[in-house]
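Participant: From first to last, the protein sequence lines stand for chains A and B.
The first sequence begins at 954 in our numbering and counts up one residue at a time.
The second sequence begins at 126 in our numbering and counts up one residue at a time.
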Amino acid sequence: MLIVALDAVTTAALLFVISSGLLIVFGVMKIINFAHAAFVTVGAYAALVGARLGLPWVLVLPLAFATGAACGVLTEATIVRRLYQRPLDAILATWGLGIVIGQIVTLIFGRGVQFVQAPVAGTIDLFGVDYSAYRILMIGAALVVALIFSALLNGTRLGLSTRAVIMNEMLAQGLGVDSARVRLVTFAIGSGLAALSGALITPLSSVDPNMGVPWLISAFMLVMVSGGSLLTLAVSSLVLGSLQVIVSTFVNPILGGLTIAICAAVVLRIRPEGFARA
Amino acid sequence: MTSRALLASLAFVAVTGSALAADPIRIGVPVGLSGANSVVAPSVVQSAELAVEEINAKGGVLGRPLALDVADDGSGAAGAQKAFDALVFQKKVNVLISMETSAARNAGLPIVARGKTPFIYTSFYEGKSCSPYLYVNAWVPEQQVPPIVDYFNREKKAKKYFLIGSDYAFGRGMLSFTKAYIEKTGGKVVGEEYLPMDGSDWTPIISKLKSAGADAIVTSTAGGAPNVTLTKQLRAAGVSLPYGNLAVDEGTAKSMGTDAADIYISASYVTGIDSAANKKFLAAMSKKFGADLKTPNDLSVPEYEGVYAYKAAVEKAGGTDPQKVLAALSEVSVDGPRGNIKMNKQRHAPLTMYLGQVQADGSVKVIQSFPNVDPGAQCPPKS
C-alpha cells in the first residue's frame, strides 16, 4: 500500500512538472501550445548535450531551461504572435511546429535512442521500502517549480502585469501594460519550463525525437481540468495521477494509460470549470 | 535483300542476346528506411551491398551480375504495399530479400504471391508465416526463448517468472510462447503485464514485480524507447533479479551503459562469434564502409546470408525461374557469419543460438551456444 502511495505521489509530481509549462502559456494566452511536447524533447536533448560536455547536473538544468526559452521566444515572435485571435489555428500551427522540431532533432541527433545517466542512482529506504531515489527527488523538483513560479506570479512586477493581462487585457493595455511583451515573456517561460521538465525526466526515460509526445495528451487534459492556476494543477495532477496508478496497479496498465484522458472528460462533463473554484 | 535483312536481324539477335546475358539479376530490398525500423535499416542495406559487391567481384551468378533495388516500406503495411508493388511489378525484381516489420511482411505477401516472386525474409519474428513464396532464415520464438529460460532454470534455480511486454503482436506473441515454455519446463509465471507501445512510465508494473516474489524477469518490449525506459526504471527501482530481455540488441545494450549490465540476451548473431567466417565478414564490412559502418547485428547479418542463399539456389536451379528457385532454396546451404544455414525445416532454418550476457562496459559476452536449435513445426503440411 505504501508503494502504491509513493507511486501515486511521484507520478503526480512528474505530471505536474511536465504540465506546468503548458498551463502557464494557456493561462495567459488562452492558447494551447501543442509544440509543448517538442519543447520537452528539446530540453532532454539539451540535457544530453550538457551531460556529454561534462557539465554538473545543477548547470544542465538551467541550460535546458535557457534552450527551451530561446526556442519559445523564436516561436512566439514568428508564429504564435499572429494567431492570438485564432486559437484553433494556433493549435494546428503549434502541432505542425512540433513535427518540424522533431524532424530537426532527428536530422541533428539521428533517430536512435540516447541516454543520460541519472545524477542519483539506485534506491533509498523510505519507511521500510526500497524506492527509486530519483523518483523521490522528482517530488522535490515539483515543489521547487511550484514555489518559484507562484513567487514569480504573485511577488513580482512581471507577475502583476501577467495577472492583469489574464484578467482583462484591454484594461491592462489601457493602464500602460505592454501586453505583447508580457505574452512574449510568458511564452518563453512556458517553453523553458517544458524543456526543464524534459531534462528532469531524462534519467527515467530514454532520449529520442518523439519522447515528449506520449506526455502531451496527459498534460493537455490536466491543464484543461485545472482551469488555469498552479494550485489547481497540483490538485488535478495528484487526483488523476493517483487514479492512473490505482487503475494500473489493480486493474491493468493498459487501461491505466487511458485513465487521465477518460477521467478528465468525465470531470469536464460534470463540472465544466474542472477543479478551479468557479 | 532478304539475305541482308536476315544478316541484320541475326546481328540484332546477337547484340541483344549478349546484352541479355549481362542483364543483371535484380534483388528487391523493401526495408523500413523511415518509421520504427529506420534505426536498423541502414545496417541491413549495408549487408546487402557487401554481399552483392562480393558476388559481382567473383563473376556474379551464372554469369549475370546482381543489382539491388532498395525501397522504403515505411516500417508499416501501407508503405509496404507501395514498395512491394513497385519492386515486383515495375522493377520486376527476381527476388525479394529483406528484414521488415511483421505488418509490412504481411502486407507484402499477397503481392509477392500475385507476382510469383520468391521472398526471403531475414528478420526474426513471431513465427508461423506460411506463404509458399516465403523463406525465413532468422529465428522464431521456439529458437530464441529456450536458451534464456533453460539457463535461468538450471543456473539461477528460477522457479517463478515475471513477464513484462509492450502491448502489440510481437510482444504478446513472444511472451505467450515464453509462458507456455516456462510452464512446460516446470516453472511458474507469477505475473504478466503489458504497457501500450508508446508508454514510458513502468512504475506500477515495477511495483507489482517487486511484490510478486519472482526469481527472474523476461521482457519483450518494442525496440528502442520502451526497452530503454523499462530497463532504466527497473535499475532505478533497485531490481537486480536475473533479467532476460527478448528485444534488446547488442547496439542498444552498448549505448545503455551500466544500466544494461547483466541483461541476458539470446540471438543468432552477436559480433563476438569466434569464427573465421565472422571475422572475415566483419573485416570486409569495416573495409567497405569505414567510418560509416553500422554495427552488424542479428537483423542485418541474415540479409547478407540471404543474398548468398539466393545465389546458391539460382545456381542449383540453373536460372531464375521462381518455382525452381523456390524448390532449390530448401536444399542449398550457406556458410556465413552465423555458421552453416539451411532453410530446410518447413521453409525455416535451424540456427545456432547464443546466450549472451551484457557486461559493465556494454559488450556482450557469449555465455553458452546452443547449436542447431530447431524452429519446430512452423508450417506443417496440411493433411
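Heads up, the beta-carbon is just placed ideally off N, CA and C, and yes, glycines get one too.
Keep in mind the model is a prediction, meaning the values are calculated, not measured.
#1: Using C-beta distances below 6 Å, list every residue in its chain close to Val1135/A, excluding the 5 sequence neighbours before and after it, in chain order.
#2: Following the continuous beta strand (DSSP E) through Glu318/B, name the residue where it begins and the one where it ends.
#3: Per DSSP, Ala392/B forms a beta bridge with which residues?
#4: On the criterion of 16 or more Cβ atoms from any shown chain inside 10 Å, does Gln1038/A qualify as buried, or is it exposed?
#5: Can you have a look at Asp399/B and say buried or exposed, based on whether 16 or more other CB atoms are within 10 angstroms of its CB?
#6: Hey, out of Leu1128/A, Ser1158/A and Phe1228/A, whose CA is closest to Ser1179/A's CA?
#7: Taking the alpha-carbon positions, what's the Met381/B to Gly487/B distance?
#8: Residues in the stretch 302-317 of chain B with C-beta within 8 Å of chain A's C-beta atoms, listed in sequence order?
#9: With 9 Å as the limit, tell me which residues of the stretch 368-384 of chain B have their beta carbon closer than that to any beta carbon of chain A; keep them in chain order.
#10: Are three or more beta carbon pairs between the stretch 162-182 of chain B and the stretch 430-437 of chain B nearer than 8 Å?
#11: In whole angstroms, what is the alpha-carbon distance linking Gly298/B and Val459/B?
#12: Mapping the DSSP letters down to three states, classify Thr1076/A as helix, strand or coil.
#13: Hey, could you find the ends of the alpha helix (DSSP H) Leu1050/A is sitting in?
#14: At a CB-CB cut-off below 9 Å, which residues of chain B make contact with Gln944/A?
#15: When the Cα atoms are used, what is the spatial distance from Ala203/B to Gly233/B?
#16: Just verifying my parser: in three-state terms, what is the DSSP assignment at Ser159/B?
#17: Hey, would you say Gly501/B sits closer than 7 Å to Glu267/B, going by beta carbons?
#18: Taking only three categories from DSSP, how would you classify Phe979/A?
#19: Could you tell me whether any Cβ in chain B is nearer than 7 Å to the Cβ of Gly1065/A?
#20: Buried or exposed for Gly1193/A, going by 16 or more other Cβ atoms inside 10 Å?
#21: Taking 6 Å as the cut-off, does the CB of Lys357/B come closer than this to any heavy atom belonging to the ligand NAD?
#22: Quick check: what's the CA-CA separation for Ala497/B versus Gly296/B?
#23: Between Ser200/B and chain A, is any beta-carbon pair separated by less than 7 Å?
#24: From Thr247/B to Thr1202/A, what does the alpha carbon distance come to, in whole angstroms?
#25: Starting from Ser99/B, trace the alpha helix (DSSP H) in both directions and tell me its first and last residue.
#26: Tell me the DSSP secondary structure of Lys335/B in three-state form.
#27: If the cut is a Cβ gap below 8 Å, which residues of chain B does Val1198/A touch?
#28: Can you tell which of Ser325/B, Tyr319/B and Val270/B has the C-alpha that lies nearest to the C-alpha of Ala305/B?
#29: As an exercise, report each continuous alpha helix (DSSP H) stretch of at least 4 residues that is fully enclosed by the stretch 191-243 of chain B, in chain order.
#30: Only counting the same chain, and skipping five residues up and downstream in sequence, which positions put a Cβ closer than 6 Å to that of Lys413/B?
#31: Starting from Thr344/B, trace the beta strand (DSSP E) both ways and give me its first and last residue.
#32: Gly1021/A and Val981/A: beta carbons closer than 7 Å?
#33: What are the partner residues of Val373/B, as DSSP defines its beta bridges?
#34: Who are the Cβ neighbours of Ala1141/A in its own chain at under 6 Å, not counting the five residues just before and after it?
#35: Just how far apart, CA to CA, sit Ala990/A and Tyr286/B?
#36: Note down, in chain order, every chain A residue with its Cβ under 7 Å from the Cβ of Lys333/B.
Facilitator: With the given structure in hand:
#1: For the purposes of this step, residue 1135/A is taken as residue 182 along the first sequence, with counting starting at 1. Closer than 6 Å at Cβ, skipping near neighbours: Ser1114, Thr1115 and Val1118.
#2: Indexing the second sequence from 1 puts residue 318/B at position 193. Unbroken beta strand (DSSP E) run through Glu318/B: Lys313 to Leu320.
#3: Translated into the one-based positions of the second sequence, residue 392/B becomes position 267. For Ala392/B, DSSP records a beta bridge to Tyr479/B.
#4: Taking the first sequence and counting its residues from 1, the one referred to as residue 1038/A is at position 85. Here Gln1038/A is exposed. Its C-beta has fewer than 16 other C-beta atoms within 10 Å.
#5: Against the second sequence, residue 399/B aligns to sequence position 274. Classification for Asp399/B: exposed.
#6: For the purposes of this step, residue 1179/A is taken as the residue at position 226 of the first sequence. If we check each option's Cα against that of Ser1179/A, Phe1228/A comes out closest.
#7: The sequence position of residue 381/B within the second sequence is 256, counting from 1. The sequence position of residue 487/B within the second sequence is 362, counting from 1. So the two alpha carbons sit approximately 7 Å from each other.
#8: none
#9: Interface annotation for the stretch 368-384 of chain B against chain A: Gly376, Thr377, Ser380, Met381, Gly382, Thr383 and Asp384, criterion Cβ-Cβ distance under 9 Å.
#10: yes
#11: In the second sequence, the residue the question calls residue 298/B occupies position 173. In the second sequence, the residue the question calls residue 459/B occupies position 334. One C-alpha to the other measures close to 29 Å.
#12: Stepping through the first sequence from its first residue, residue 1076/A is reached at position 123. In this structure, Thr1076/A counts as strand in the three-state DSSP scheme.
#13: Working through the first sequence from its first residue, we reach residue 1050/A at position 97. Its alpha helix (DSSP H) spans residues Pro1040 to Phe1062.
#14: There is simply no residue 944/A to check, as chain A begins at 954 and stops at 1231 in what is shown.
#15: One-based indexing of the second sequence puts residue 203/B at position 78. One-based indexing of the second sequence puts residue 233/B at position 108. Distance between the alpha carbons of Ala203/B and Gly233/B: 10 Å.
#16: Taking the second sequence and counting its residues from 1, the one referred to as residue 159/B is at position 34. Three-state result, Ser159/B: coil.
#17: Along the second sequence, one-based indexing puts residue 501/B at 376. Along the second sequence, one-based indexing puts residue 267/B at 142. Yes, the pair counts as a contact, with Cβ atoms nearer than the cut-off.
#18: One-based indexing of the first sequence puts residue 979/A at position 26. Per DSSP, reduced to three states, the secondary structure at Phe979/A is helical.
#19: Here residue 1065/A corresponds to residue number 112 of the first sequence, with the count starting at 1. Gly1065/A has a beta carbon lying within less than 7 Å of a beta carbon in chain B.
#20: What you label residue 1193/A is simply residue 240 of the first sequence in a count that begins at 1. The sequence as given places Leu at residue 1193/A; Gly does not occur at that position. Counting every other CB atom within 10 Å of its CB across the protein chains shown gives Leu1193/A a total of 16 or more, marking it as buried.
#21: Of ligands this structure carries none, so the ligand NAD is not represented either.
#22: Stepping through the second sequence from its first residue, residue 497/B is reached at position 372. Stepping through the second sequence from its first residue, residue 296/B is reached at position 171. For the record, residue 497/B in the displayed sequence is Asn; it is not Ala. Distance between the alpha carbons of Asn497/B and Gly296/B: 25 Å.
#23: As a first step, residue 200/B must be located in the second sequence, where it is residue number 75. Not an interface residue.
#24: Taking the second sequence and counting its residues from 1, the one referred to as residue 247/B is at position 122. Taking the first sequence and counting its residues from 1, the one referred to as residue 1202/A is at position 249. Approximately 39 Å between the Cα atoms of the pair.
#25: Absent from the model: residue 99/B. The displayed extent of chain B is 126 to 508, so no value can be given.
#26: Counting from 1 along the second sequence, the entry for residue 335/B is found at position 210. Lys335/B falls in the helix class under three-state DSSP.
#27: Your numbering for residue 1198/A matches position 245 in the first sequence. Result: Thr328 and Pro329.
#28: Residue numbering aside, residue 305/B sits at position 180 when the second sequence is read from its first letter. For Ala305/B, the nearest C-alpha among the options comes from Val270/B.
#29: Runs of the alpha helix (DSSP H) inside the stretch 191-243 of chain B: 202-210 and 227-240.
#30: As a first step, residue 413/B must be located in the second sequence, where it is residue number 288. Cβ neighbours of Lys413/B beyond the five flanking positions: Leu175.
#31: Numbered from its first residue, the second sequence carries residue 344/B at position 219. Run containing Thr344/B: Ala341 to Ser345, per the beta strand (DSSP E) assignment.
#32: By 1-based counting over the first sequence, the position of residue 1021/A is 68. By 1-based counting over the first sequence, the position of residue 981/A is 28. No; because the gap between Cβ atoms is not below 7 Å, this pair is not in contact.
#33: Looking up residue 373/B in the second sequence gives position 248. The partner list for Val373/B (beta bridge, DSSP) is empty, contrary to what the question assumes.
#34: Residue mapping note: residue 1141/A aligns to position 188 of the first sequence, counting from 1. These residues qualify, in order along the chain: Ala1022, Gly1025 and Val1026.
#35: Along the first sequence, read from residue 1 onward, the residue named residue 990/A stands at position 37. Along the second sequence, read from residue 1 onward, the residue named residue 286/B stands at position 161. Whole-angstrom Cα-Cα distance: 36 Å.
#36: Counting from 1 along the second sequence, the entry for residue 333/B is found at position 208. Ordered by position in chain A, the residues that pass the 7 Å Cβ test against Lys333/B are Thr1202.
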